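With the first letter of the sequence shown counted as 1, position 160 gets the number 160 in full-length UniProt numbering; the numbers rise by one all the way through. I have placed the structure first, in the form of structure tokens, so that the comments after it can refer back to it.
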Amino acid sequence: MSISELRMLADRMDQLAWLASPSGSRYWFNKRWFDYTGKSYGEVRGWDWLCVHHPDHAERVEAGLRNCLERGEPWEDTFPLRRWDGSFRWFLTRAFPVRDEDGVVRRWFGTNTDVTRQIEAEQALRDAAERFEVEASARAALLAQMDEGVIVTDPDGRITFINEAAKRLHGVDQLDIGPEEYSDTYNLYTEDGRPYPHEQLPLARAVMNGEVVSDARWRIRRPDGREVLAIGSARPFWDAEGKLLGAVLTVRDDTARNAAEAALRDLNATLEDRVAETIREREVLGDALRQAQKMEAVGQLTGGIAHDFNNLLTIITGNLDMLRRALAEGAEPRVRRMVDNALTGAERAASLTQRLLAFSRRQPLSPRRVDMDALLAGMSDLLARSLGEMIDIRTVSSTGLWPVEVDANQLENAILNLAVNARDAMPGGGALTIETANVTLDEAYAARQAEVVPGDYVVIAVTDTGAGIARDTLERVFEPFFTTKDVDKGTGLGLSMVYGFVKQSGGNVRLYSELGQGTTVKIYLPRMTWAGVDEGKATESALRARPGQCETLLVVEDDPGVRAYSVELMRELGYNVLEAHDGPSALGMIERHGAPIDLLFTDVVMPGMSGRDLAEAARRLQPGLPILYTTGYARSAIVHGGRLDPGVDIITKPFTYDGLAKRLREVIDRTDGEVSS
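In structure tokens form, the structure reads like this:
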């Protein structure tokens, strides 16, 4: 091939081509070279061709080329060349020595290949890799700071990442393990305590089956022995082409919320379907708020009923009682029996009202120092009569039992309620065991229970040998009006009353039962830490109804029927009685009455001026005036938290002849004693 043919071929090449002497002086360029650079031959011959090099690279390129010329070795480098319009493009430049038969270099042949797109693509890849690394670092930092635990796997399910929250939750930090090792390595168990099959784990299901798993629950047994109830969700993730890249699990500690939810479940059972989603979203605070609103609504309802209903019962029972006393001994037995039956029915109605108030924690309590074993000993005959001969009653006392501060009458009612429920659970007979003991509930126990304050308690355990209670029923036994008894066999308020009374007294109730094994109900009452007077040591005057001694009493009652009954009863007892229908009228009587009033008997809840406001105003007119309040509803100005304010005397409606007689003499005699001392 002739030189002219070679040049023609070179002119048709896409690359820039050139020839140089053995010393590197260029003496020929192809047409593509001139078209690209826009230079003439005279401008680039010899070493002037360096004028088209980028200033930042020219020195390096020349040094590299001269080094190859001296050694006679091929040369290759990548650098930018200036185009005719002043812009630069990247070229891969290669030069090869052309030797004669003796191996002597006669010339150099070189090419410049445009690789700008390749260089730009490589730079774009480097930029993308750098951005990815920055984003990955940012995501890792974000995941590390999250409160929720995060665990990530590769497509094979092997764990590649676990953040700090997940490490703290599990107490384990183990990477590069597959699905079959999850349960053993991280100590995972089902909610009921069985080892968790690895193929059922949320993370394994996500990566192996492509499932999206939400709100799954399981247990974690940490190396330090603490057990955690976990809740979490898992999902797979793919690349843009749909190729599985792995799976991610988010998990959090649900122990505290679950404990509170379990403690409230017995009162929330009827609302479970409606509030299930809200429980998940709003956690424990939402549950507690709804429960408080429910209890408040019941309390408002029963309080309104109790106030009006107890006023009516006061009139009914009072007048029936007076009628019975008025009947001559020789009265027809049928008439006396009718009066007695009417009184019994009214008393049952009053008992039902008191149970409603007990459940809603609105009954007035009069806490006193109580020796629990002595109280149980005093109840032995009552329990024997109530339970019958088929029930074997066993009492197990505890030496050195702490005293408690509690309303003794209400405590007796609670124990009797539990005993009667136990009897009904043993229709064929059985054993009832009542045990007492001192217990200390530490902070660890209190942390696992809802509404439990750590401290010293006296526990009363009532155990039967009945059929036990089914799990679904167990969760509802303290609900108001819930009963498993036949129609007309119970109101469903017995256990609710026990629950409300114990809670109102600052204690707790726990119920344990197994089908076929029987049931145990434990009442925890706080230990009394101050010295008080034992229940049952009241003065003789408080226990014995004595007639009035011409003292003057002022009766203030807005209900005409109740006022008429109260006035009639007090006059029958031998007192001089003044009466007023409201507070302002009563104050006017005190101002106009020539002699001091010996006792003010006032309703608590009245239109306008309340009984408490009246009492304060009356004592400004007559300091030291004895006051006895009466009410059918304890949610008032003189009762807080179900306990009477210090120094307050009260008799609840409906009251009887004997009950009122005792309370009047007790308050008057105590005041007389205080004055004389």
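For every residue, glycine included, the Cβ atom is placed at its ideal position computed from N, Cα and C. Since the structure is predicted, the reported quantities are computational estimates derived from the model, not experimental observations.
Mind checking residue i: buried by the 16 CB within 10 Å criterion, or exposed?
i	result
residue 665	buried
residue 566	buried
residue 616	exposed
residue 75	buried
residue 502	buried
residue 243	exposed
residue 237	exposed
residue 497	buried
residue 757	Residue 757 cannot be examined here, being either before or after the span of the chain that is shown, 1 to 677.
residue 41	exposed
residue 517	exposed
residue 112	buried
residue 436	buried
residue 579	buried
residue 87	exposed
residue 174	exposed
residue 421	buried
Mapping the DSSP letters down to three states, classify residue i as helix, strand or coil.
i	result
residue 163	coil
residue 288	Here residue 288 scores only 38 on pLDDT, less than 50, and its place in the model should not be relied on; the value that follows carries that caveat. The answer is helix: DSSP assigns residue 288 an H, G or I state.
residue 80	strand
residue 333	helix
residue 53	strand
residue 183	helix
residue 19	strand
residue 259	helix
residue 47	coil
residue 243	coil
residue 360	Any answer about residue 360 is weak, because its pLDDT of 48 lies below 50 and its placement is not dependable; what the coordinates show is given next. Of the three classes helix, strand and coil, the one that applies to residue 360 here is coil, per DSSP.
residue 61	helix
residue 430	strand
residue 202	helix
residue 590	helix
residue 232	strand
residue 73	coil
residue 190	coil
residue 30	coil
residue 537	Here the model assigns residue 537 a pLDDT of 41, short of 50, so the residue's position is not dependable, and the following value carries that caveat. If DSSP states are grouped into helix, strand and coil, residue 537 belongs with coil.
residue 39	coil
residue 655	coil
residue 529	coil
residue 499	helix
residue 435	strand
residue 226	coil
residue 323	helix
residue 252	strand
residue 215	strand
residue 670	helix
residue 12	coil
Measure how close the beta-carbons of residue i and residue j come, nearest whole angstrom, since I'm counting them as under 8 Å.
i	j	result
residue 183	residue 196	5 Å
residue 251	residue 382	That pair is no contact at about 55 Å.
residue 370	residue 404	5 Å
residue 552	residue 595	7 Å
residue 555	residue 577	6 Å
residue 208	residue 157	6 Å
residue 626	residue 609	With a Cβ gap of about 19 Å, residue 626 and residue 609 do not count as contacting.
residue 246	residue 152	6 Å
residue 26	residue 18	5 Å
residue 429	residue 391	6 Å
residue 694	residue 89	Here the chain has residues from 1 to 677 only, and residue 694 is not among them.
residue 393	residue 387	6 Å
residue 509	residue 372	With 8 Å as the limit, residue 509 and residue 372 do not qualify as a contact, their Cβ atoms being about 16 Å apart.
Taking only beta-carbon positions, decide if residue i is within less than 8 Å of chain B.
i	result
residue 555	The chain inventory of the structure shown lacks chain B, comprising one protein chain alone.
Could you give the uninterrupted runs of the alpha helix (DSSP H) lying entirely in the segment 374-418, keeping only those of 4 residues or more?
-> If only complete runs of 4 or more residues are kept, the segment 374-418 shows the alpha helix (DSSP H) at 380-387, in order along the chain.
Curious, which full-length alpha helix (DSSP H) runs of at least 4 residues does the segment 541-587 contain?
-> Qualifying alpha helix (DSSP H) stretches, in chain order: 560-572.
Please specify which runs of the alpha helix (DSSP H), each continuous and at least 4 residues long, are wholly inside the segment 603-635, giving them in chain order.
-> Taking 4 residues as the minimum length, the alpha helix (DSSP H) runs contained wholly in the segment 603-635 are 611-621, in order along the chain.
For the 8 Å Cβ check, are there 3 or more pairs between the segment 447-461 and the segment 521-528?
-> Yes, the segment 447-461 is in contact with the segment 521-528.
In chain order, each alpha helix (DSSP H) run of at least 4 residues that lies wholly inside the segment 440-482 = For the segment 440-482, the continuous alpha helix (DSSP H) assignments of 4+ residues that do not extend past its boundaries occur at 443-448 and 471-474, in sequence order.
Sufficient close CB pairs (3 or more, under 8 Å) joining the segment 56-71 to the segment 32-39 = With the cut-off at 8 Å, the segment 56-71 and the segment 32-39 do not touch.
Touch test, the segment 509-524 against the segment 469-478, Cβ-Cβ under 8 Å, three pairs minimum = Yes, they touch.
Go through the UniProt domain "PAC" (75-127) residue by residue and report every complete run of the alpha helix (DSSP H) that reaches 4 residues or more, in order.
-> Fully enclosed alpha helix (DSSP H) runs of 4 or longer: not present.
Do three or more CB pairs link the segment 211-228 to the segment 160-180 at distances below 8 Å?
-> Because the criterion of three Cβ pairs below 8 Å is met, the segment 211-228 and the segment 160-180 touch.
Does the pairing of the segment 115-129 with the segment 98-107 give three or more beta-carbon distances under 8 Å?
-> Three or more beta-carbon pairs separated by less than 8 Å are not found between the segment 115-129 and the segment 98-107, which leaves the two stretches without contact.
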